[in-house]
């Protein structure tokens, strides 16, 4: 029976993806994309990847949706469509179907039994005192990737801020809506945001031993921040604020500092002090959660609008 | 295990959808969406690889799962940067269309 | 029992898909947003059903997140397409100075 | 376990803190300091590799590669790192706020220093490049490529003009498409072998267990890297992006940013793929390279704007590296080693000379107020140093002695002739002629008597080139010439640490 | 004992699905967006409540059951508020089109 469920889910997922790429207009395509993200989250659950499902739902569907809807608003109402080539669509369809078929053949030809690092992780995980293997991979075994990925996040914010009209990147980003928030949005923000913050903190706390962790928690916190901005409950923060910059740097550079400290305590870069692994890992998680939340939120808000004139 | 295979095929089909979107999209936003679908398909295939590698008491190989989480965040960053570029481009073009005073900035 | 729960989840998914398809072709953009909300609600129910069916309590966290973030999309839609949005043809809103 | 490898990645990042927290001037000085430290670190790595005669390794976090990730520097990567660090430092010096910049604020177009964002991006580039040259894990390399993209794309549109924004958007979309293809290949590799470590994979692949899937995975990864390196059929994004960016940005984009995917392409096919597979793929790459050299060279000849001309020349010169693949993979003893050395030297000398040329072109455009070739007659009088830097850099592109380009092309040519690959030899020669055509065209125009430029009807402006900036460009051009004093023989340094293995490097 | 619990679960889940079906039907058949919002919210809430109620006996422990109820409460709260937001969006949009339609160029 679970196979039938999986098959139905796959079909609905594909229908959603087709809806995104075949809908001509921007707004329906983005709305379809949000739904597609939800379905993808369900698919991840079925692949025994709850950590990924949480990430996909929070980032892939939730925050991406805000970014994309905002983009639709900024686009000119009548997109400049180049003269449509009659042959383009059939040709593209043939190319895509060929690619999909080839990949399907590759998937079917993957070796059995599948190679896996699960045993290595299971052997090394007890030393870290963590219960969640994915957190172990992210923060211990492949900590370098995670550290640099934090830098990618920071850098994409720098890239967004570089688009500001003010070369010095001062001022606040424009609010998400050009008008005051309507009462229901404000109500939603007031009521839901505190609960959401609790859920975010819960995911962070759970992440050491159960699915969840810094990414998921940071994304939920960012989403709640955006909800508050959309409900006019808080103003967008000023980009030049020293405190804000410290929050942005806390994650990547706190992690880096722990990495250097590992040299002293564990004899190796990005090693954790023996005996205190879990405490240090959780401290790192807290720092990167804060940075992820602030960075994601600011990336969505867009470039600062320049210095304010009183 | 066959369930994982189904999702593997779905991942392959999503890659096809994404390529179609990239090829036929009329504007940059459509391409960004196509890229996201394509990326989703690739991640899903990675998830299938992880699921097939279940063992040692885990429901799936945790290494690819961790990599997918990193990948999703990076893909989001890319989407957001592309959208920011597009929004700015539209604003600059609209300014230029209105009065041609768009190039007074340094 | 697990099979029956899976069957129920499948049924829900099919219901949501049917509603989605119908609304998608008939409605305007608000209706499409509604269809996504329907999908979210069905997704929550599906996850709740799968929790005992698969025996993985972590699925409840996913359901929690789904319930929380369904509101985000609606709010974002409202923020992006409020009445200040001009009709087709006028230039896009410039950010406040 | 060499700590220098970790420092090479982290030191540039430390420079971000003052840039984001302190004022722009302090941050800028810290950034330049860190770029200098980066040169010292990479020089240290190169020196250690040369002295020890073997690769350096570091296992991050103490978890050995199949589970953890490792860093490894061999001769090839050490050479590339040093080259990239030098180019970044010189570009940083070019872009810094100079002694006279603050007072000449009025001159809107003037060569004032770049904003703080530029230095953030420059330092991130340094980190990304070092990571790309050092990482031994295919997914860490993916992160490195993304870091590179996110640092490079905003460089294109720092000034926020419509043309730059749309060029940056196209660049980003191409780069993202490349990343996804690369990642798809990585997924298939993991599905086949359950590891992403290059050394382990090389051993597994040599046993030939992957079959067609392994080939498909390598092909997907290569296609992704080609999109990022702007190799021939996927080069369309490069000219607008590289020509539209501010000069300092163009210089790093053309000189070092596209070198990282090229380096990885070499890594993939010379260290990872089994030899029989490389021998199949080699001619395909060479064909793409030949097409790039001829097609983009001809297009460069037809350009009317100086920066576009240089950008098309970049798209053409990338092709030379690809000519190396079938020659180096032929397993023909000294001749394939010679091709390998030639290809690498070409990467290095092209980086130095192209950086010099873009910086010089930027100064020329700034002095004249435009970069239309038809209006550049006699620019040699107002910007003599810049024109000299441009010409010397061009020497390397043409492949005339004494220059790094000359040595590299002679090596490729010799290897091709010795292996009987006549068509490759022909392409090398034709490419040299085309480069000669477009470089000399610019130099001749620049040295004309200004009065002979009657068509444009405008004399030379009063402005003078910014002398110390021009000297930086000239220094880079001299660097490209210095490479030309290499002996015409395979360089043993480049073979240190190959084939890839962790043996003796793990604790 | 577990048989009774299972039967309880099945009955309530079936009822929940019936409500979902009714909601979907309403969503498809009702003519106006506003009434569709109403149908959707009502059906979802009741359907979800019945499913949660039905699944409670299946919960492994008290915490899990409490979490299920928490999910339902959160969904209830969110969907109620979302309905308001969407309804407001509909009103705003109809008002905007009404305002925009009749006058030719007389808008400030």
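Protein chains in written order, with the numbering used here: chain A, 1 to 310; chain B, 1 to 106; chain C, 1 to 97; chain D, 1 to 507; chain E, 1 to 108. Every residue, glycine too, gets a C-beta built ideally from N, C-alpha and C. Small disclaimer: the values here were computed from a predicted structure and weren't measured.
Contact check between the segment 48-67 of chain C and the segment 61-80 of chain E: three or more CB pairs, one atom from each, fall below 8 Å, which counts as touching. Residue-level contact check: residue 50(E) does not touch chain C, since none of the beta carbons of chain C fall below 7 Å from its beta carbon. The C-beta of residue 9(C) comes no closer than 7 Å to any C-beta of chain E. Identification of chain E residues near residue 185(A) by a Cβ-Cβ cut-off of 7 Å yields 85, ordered along the chain. Considering only beta carbons, no part of the segment 207-225 of chain A lies closer than 7 Å to chain D. Not flagged as an interface residue toward chain D: residue 177(A), since no C-beta distance is shorter than 7 Å. The residue among 5(B), 34(B), 12(B) and 7(B) with its C-alpha nearest the C-alpha of residue 19(A) is 34(B).
Shown in chain order are the members of the segment 187-201 of chain A whose Cβ falls below 7 Å from a Cβ of chain E: 187, 188, 191, 192 and 195. Burial of residue 13(B) is indicated by the presence of at least 16 other C-beta atoms within 10 angstroms of its C-beta. In the three-state DSSP reduction, residue 137(D) falls in the strand class (E or B). The alpha-carbon separation between residue 11(D) and residue 132(D) amounts to approximately 15 Å. Per DSSP, the beta bridge partners of residue 173(A) are 304(A).
Look at the segment 275-344 of chain D and you find these whole runs of alpha helix (DSSP H), each 4 residues long or longer: 275-301 and 306-328. In this structure, residue 162(A) sits near residue 154(D), with a CB-CB distance shorter than 7 Å.
No Cβ-Cβ contact shorter than 7 Å links residue 390(D) with residue 368(D). Here residue 304(D) is exposed, its C-beta having fewer than 16 other C-beta atoms within 10 Å. DSSP places residue 58(D) in no alpha helix (DSSP H) but in the uninterrupted beta strand (DSSP E) bounded by 56-59. A residue is called buried when at least 16 other Cβ atoms come within 10 angstroms of its Cβ; residue 3(A) does not meet this threshold and is exposed. The alpha-carbon separation between residue 414(D) and residue 493(D) amounts to approximately 20 Å.
For residue 21(D), the nearest beta carbon of chain A is closer than 7 Å to its own beta carbon. Look at residue 96(B): its C-beta is not under 7 Å from any C-beta on chain A. Taking a Cβ-Cβ cut-off of 9 Å, the neighbours of residue 70(A) in chain C comprise 76, 79 and 80, given in sequence order. Excluding five sequence positions before and after residue 190(A), the CB atoms of its chain that fall closer than 8 Å to its own CB belong to 231 and 233, given in chain order. Membership of residue 41(A) in the alpha helix (DSSP H) is indicated by the continuous run 26-46.
Straight through space, the alpha carbons of residue 52(A) and residue 483(D) are spaced by roughly 49 Å. Taking a Cβ-Cβ threshold of 9 Å, the residues of chain C close to residue 27(E) are 19, 22, 23, 31, 34, 35 and 38, in chain order. Counting only unbroken stretches of 4 or more residues, the alpha helix (DSSP H) elements lying wholly within the segment 30-66 of chain E are 33-55, in sequence order. Counting only the Cα atoms, residue 361(D) lies some 25 Å from residue 430(D).
The straight-line gap separating the alpha-carbon atoms of residue 95(D) and residue 60(A) is approximately 38 Å.
Taking all protein chains in view, the Cβ of residue 423(D) is surrounded by fewer than 16 other Cβ atoms within 10 Å, so the residue is classified as exposed.
Buried is the label assigned to residue 50(E), since at least 16 other Cβ atoms lie within 10 Å of its Cβ.
Chain-order list of chain C residues neighbouring residue 283(A): empty, with the shortest C-beta distance near 23 Å, by a criterion of under 7 Å. Considering only beta carbons, the part of the segment 2-24 of chain B lying closer than 9 Å to chain A consists of 2, 3, 4, 5, 6, 7, 8, 9, 10, 11, 12, 13, 14, 15, 16, 17, 18, 19, 20, 21, 22, 23 and 24, in chain order. For residue 484(D), there is no enclosing alpha helix (DSSP H), as DSSP gives it neither H nor E.
For residue 17(A), the C-beta contacts it makes with chain B under 7 Å involve 14, 17 and 37, in order along the chain.
Residue 90(D) is classed as buried because its beta carbon has at least 16 other beta carbons within 10 Å across all chains shown.
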